[in-house]
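Read through the structure below, which is laid out as structure tokens, and then see the notes.
In the working numbering, the protein residues as written are 53 to 129.
Spelled out as structure tokens, the structure:
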């Protein structure tokens, strides 16, 4: 595992990769949803975030699983 706590869900052609911050991809998935589900336990274990990207590479969403110094005001989860 890489030194970063965050796990990114990034596009890779027509697939989606789960990639720890600063590391190499750990898995490939056909859908963004499947990749996000695979990234969540890794982020929980490391008390980090799942950073979900759009197909163009921009960040779409973040889910925190550790002690967040700036918790979100919305309660979507």
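Idealized CB from N, CA, C, for every residue including glycine.
Straight-line Cα distance separating residue j from residue i
{"i": "residue 99", "j": "residue 116", "result": "8 Å"}
{"i": "residue 66", "j": "residue 78", "result": "17 Å"}
{"i": "residue 161", "j": "residue 97", "result": "Since the first residue shown for the chain is 53 and the last is 129, residue 161 is missing from the structure and cannot be characterised."}
{"i": "residue 113", "j": "residue 60", "result": "10 Å"}
DSSP three-state assignment for residue i, whether helix, strand or coil
{"i": "residue 72", "result": "strand"}
{"i": "residue 98", "result": "helix"}
{"i": "residue 89", "result": "helix"}
Residue i burial status per 10 Å Cβ neighbour count (16 or more: buried)
{"i": "residue 53", "result": "With a pLDDT of only 43 at residue 53, under 50, the local geometry of the prediction cannot be trusted, and no value is derived from it."}
{"i": "residue 110", "result": "exposed"}
{"i": "residue 83", "result": "exposed"}
Strand pairing of residue i, partner residues [DSSP]
{"i": "residue 67", "result": "64"}
{"i": "residue 78", "result": "In DSSP, residue 78 forms no bridge with anything."}
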